Amino acid sequence: MGGVKKRRHDLARLGWLFCLLWAGSLGTAEAPPGHSIPPASWDARKTGEPFPSWFGPVLAQPGFNMFTWRAQIRPPVGEAKLAITFVFREPADGFARVIWQGPRRAVTLCSNLFERAASLHQRTLLIERESLDGPGQIVVESTGTLPALERVDLIWVEPLVLAAGWTAPSGLYLTPTGKIFPADELQGAGRHLPVDEEKGSVMDAVLDAGPVKIDAQNPVRFVAPIAGKPAYGRIEAQVAGLSLGEEPSVWVNGQAMGGLAVETPGLDDPGYRENLRSREIGYGGWRKVVVYVPAGVLRSGENQVDWRETGLASQTTLRNLRLQVVFASVQATVSTVAQAVPPTPAVVSLPSPARGGWTVGAGSAGPKLRTGLSSGSRVVGLRTE
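Just so we're aligned: 222 in the numbering used here is position 222 of the sequence shown, and the numbers increase by one with no gaps anywhere.
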């Protein structure tokens, strides 16, 4: 009798152990869709490295005034889409088109990767699942006899749903490394033009959609007429070609803005490349620049935002320049903020553009003048060009 009870006790313990193992497997048996598929990476400087089973081989060969790069793709089972990041060197002219050659038809993903933004740059394209109906090839054709591609990263991604307002992008994609791609940035035709956004007491307006070329000899002045009484603000933009460790110089109404925040992407970002001659590390791709505008700097009427590069040899491209403004009429604590924040930020060792002290090249009379897009809002009216 005692042996029967012991056997039942052992069976009960085994049953509980099985239940615990089964419950634990619910959370670990399957990775998130797309994340369980290993990514692939091709680097022009690292030949011979193994690829996952769904990718390769890769063939790169010159032709008559055309360089062709092609790679075999065998789509895994599932619904994940393929995000491909191309890191490339842009020549002075020419183009680089991207084609997906599927089992039944060929699709041009991008007629020209080049954005004329920087000599080292990157773009990410998305191949929809309906196009991935079987094995095929990714083909990049670039003009000239030298290769344009430096690196290609391929990651399977799934749509990401975020809790956001109605002004948020309609689609976002998340990679296993935590990088978020807006849907319109992944289309070969290019991004949508940015729009103004009204966020309650904050007006978020497009000052200039760009792209705008800026260098040390050619500063640019953006003009923003503001209706109402602004309290404080925030300027945001994306830049390409900015050297790592450097930051631009931003002035608002003749006052230098300190504390610029320049995004430094994670070191696993494919845009980092080493210059083989100088051994310096450069970065190709868009980076965000943000600066806070203290109370007392912005004013009713016309405001001037001056943007220049401090590196003598650097040239950057700016896009998506936005101006956010909080107005005194809807902010009860503006007077307190104005007293707490000094009206004049710490001035850097550059002459104020309001006094005509720009260091400009020969034949240049001053900064290029650009006015913003039309806001259509009664609060912030940005003039058309």
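We put the CB at the ideal spot given by N, CA and C, even for glycine.
On a predicted model such as this, the values are computed, not experimentally measured, just so you know.
- In this structure, Val140 is the residue among Val140, Trp156, Val157 with its C-alpha nearest to the C-alpha of Glu150.
- For Asp204, the closest C-alpha among the options Ala118, Ile235, Ala40, Pro103 is that of Ile235.
- Contact between the region 264-276 and the region 65-81 is absent: fewer than three C-beta pairs spanning the two stretches fall below 8 Å.
- When the Cα atoms are used, Ser201 and Phe327 turn out to be separated by approximately 7 Å.
- The DSSP-derived three-state label of Ser278 is coil.
- Ranked by how close their Cα comes to the Cα of Lys288, the residues Leu260, Leu298, Ala295, Ala92 have Leu260 in first place.
- Contact annotation: Val297 and Val252 have beta-carbon atoms nearer than 8 Å.
- DSSP places Ala44 in the coil class of the three-state scheme, outside both helix and strand.
- Note that the region 127-145 does not touch the region 291-309; fewer than 3 beta-carbon pairs, one per stretch, sit closer than 8 Å.
- Taking C-beta separations shorter than 7 Å and ignoring five residues to either side along the sequence, the partners of Leu154 in its chain run Pro39, Ala40, Phe55, Leu82, Ile84, following chain order.
- Taken through DSSP and simplified to helix, strand or coil, Leu193 comes out as coil.
- Judged by pairs of C-beta atoms under 8 Å, the region 57-67 does not touch the region 116-124, as fewer than three such pairs exist.
- Distance check between Gly285 and each of Arg123, Ile73, Gly94 places Arg123 closest, using alpha-carbon atoms only.
- Across the structure, Val223 and Trp307 are spaced so that their CA atoms are roughly 11 Å apart.
- Residue state for Glu185 is assigned as helix, using DSSP reduced to three classes.
- Where Met66 is concerned, the enclosing beta strand (DSSP E) starts and stops at 66-73.
- For Asp208, DSSP records a beta bridge to Leu321.
- Excluding its 5 nearest sequence neighbours in each direction, Ala44 has C-beta neighbours in its own chain below 6 Å: Glu150, listed in chain order.
- With a cutoff of 8 Å on beta-carbon distance, Asn112 and Ala96 are scored as near each other.
- For Thr108, the closest of Gln187, Pro230, Glu90 by C-alpha to C-alpha distance is Gln187.
- For Asp196, the closest C-alpha among the options Phe51, Val325, Gly94 is that of Val325.
- Taking every protein chain shown into account, the CB of Asp208 has 16 or more other CB atoms within 10 angstroms, so this residue is buried.
- DSSP lists Asp215 as the bridge partner or partners of Gln315.
- In the DSSP assignment, Leu125 falls within the beta strand (DSSP E) that extends over 120-127.
- Your pair Ile37 and Trp156 checks out as a contact, with CB atoms roughly 4 Å apart and the cut at 8 Å.
- Taking C-beta atoms as the reference points, Gln304 and Arg221 count as a pair closer than 8 Å.
- Beta-bridge pairing by DSSP links Val262 to Val289.
- With contacts defined by Cβ atoms closer than 8 Å, Val58 and Pro270 do not form a contacting pair.
- With contacts defined by Cβ atoms closer than 8 Å, Ala256 and Leu321 do not form a contacting pair.
- Under the three-state reduction of DSSP output, Glu246 falls in the coil class, being neither helix nor strand.
- Asp215 is the residue among Asp215, Ile138, Leu126 whose C-alpha sits nearest the C-alpha of Ser243.
- In the three-state reduction of the DSSP assignment, Glu130 falls in the helix class.
- With a 10 Å radius around the Cβ and a threshold of 16 neighbouring Cβ atoms, Gly258 comes out exposed.
- Counting other Cβ atoms within 10 Å of its Cβ, Ala231 reaches 16 or more and is therefore classed as buried.
- If you ignore the 5 residues before and after Lys213, its C-beta comes within less than 7 Å of the C-beta of Gln315, Thr317, all in its own chain and listed in chain order.
- Annotated three-state conformation of Ala256 is strand, per DSSP.
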